[in-house]
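Residue numbers (the numbering used here): 4 to 242. Even glycine gets a Cβ: it sits at the ideal position worked out from N, Cα and C. The model shown is predicted, which means the values in this text are computed figures rather than measured ones.
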């Protein structure tokens, strides 16, 4: 397999989840050192088992990525060990839907903003200074098709994902000409175990697979995508 990321240092937030796991394993397979701030210790143990021969290049720590002080400490530790941070991928997110706006508890709205928007805000603030110092880096934030396709019953989710795209778009403008690139991806429903359980009657064949989306993310983090900056890339599968 091509080793595009040999010797590179990468942070994958949410790296034990359905999509994040595929992204982490893909980076490891291409020679990267991968640091994963995680929520669930059991999921991280499963990820270590899946990494197999590449497990020595995988590091993880229980961190709330919406806690700015905590994620800064994590990033500082990664840079102290590896000397640099070449890419950051944020796959953290959550979904809430099925309720009209006036029937929704405000706590649901706040949770969507925390998971889908604040995570990218805190992570970017932690990694950008280091990337600017080294004059190079790539950030990919996972938003959703809902950022541009605002369905009924999804006001909190759609607005938080739309805001996440706007956040990254503005950050990309801030970073123009610095060597640090920022892009978003917009998946439709991803073919994960959790999504299949939530929608057992759906046609799973139309959903993009985590491994397929991971390949897009790795491309955006690679030198092959050096001219792509400030994009929001749709990855809708056949839906």
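State the Cα-Cα distance for the pair residue i and residue j, rounded to the nearest angstrom.
i           : j           : result
residue 26  : residue 62  : 14 Å
residue 52  : residue 188 : 28 Å
residue 23  : residue 139 : 23 Å
residue 118 : residue 66  : 13 Å
residue 159 : residue 136 : 36 Å
residue 154 : residue 103 : 11 Å
residue 90  : residue 10  : 12 Å
residue 225 : residue 86  : 19 Å
residue 121 : residue 69  : 6 Å
residue 39  : residue 80  : 12 Å
residue 204 : residue 133 : 46 Å
residue 198 : residue 206 : 11 Å
residue 131 : residue 181 : 11 Å
residue 108 : residue 114 : 10 Å
residue 106 : residue 196 : 29 Å
residue 161 : residue 37  : 30 Å
CB-CB under 6 Å to residue i, same chain, minus the five flanking residues each way: which ones, in chain order?
i           : result
residue 47  : 19, 41 and 63
residue 111 : 99 and 159
residue 116 : 163
residue 35  : 8, 11 and 13
Just to confirm, are residue i and residue j a CB contact at a threshold of 8 Å?
i           : j           : result
residue 96  : residue 175 : no
residue 124 : residue 170 : yes
residue 54  : residue 28  : yes
residue 6   : residue 45  : no
residue 194 : residue 211 : yes
residue 78  : residue 129 : yes
residue 143 : residue 223 : yes
residue 191 : residue 148 : yes
residue 235 : residue 141 : no
residue 92  : residue 16  : yes
residue 21  : residue 101 : no
residue 74  : residue 126 : yes
Taking DSSP as the reference, what is the three-state secondary structure of residue i?
i           : result
residue 134 : helix
residue 9   : coil
residue 245 : In the structure as shown, the chain starts at 4 and stops at 242, and residue 245 therefore has no counterpart that could be examined.
residue 237 : strand
For residue i, I'd like the list of residues in its chain whose CB is within less than 7 Å of its CB, leaving aside the five on either flank, ordered along the chain.
i           : result
residue 240 : 191, 209, 210 and 211
Excluding sequence positions up to five away, which residues of its chain have a Cβ less than 8 Å from the Cβ of residue i?
i           : result
residue 231 : 184, 186 and 223
residue 214 : 25 and 29
Inside the segment 53-127 only - alpha helix (DSSP H) runs reaching at least 4 residues:
71-85 and 109-116
Fully enclosed by the segment 139-188, which alpha helix (DSSP H) runs are 4 residues long or longer? 158-177
| beta strand (DSSP E) runs contained entirely in the segment 9-41, provided each spans 3 or more residues | 12-16 and 36-41
_What ranges does the alpha helix (DSSP H) occupy inside the segment 190-232, keeping only unbroken runs of at least 4 residues that lie completely in it?_
196-201 and 213-224
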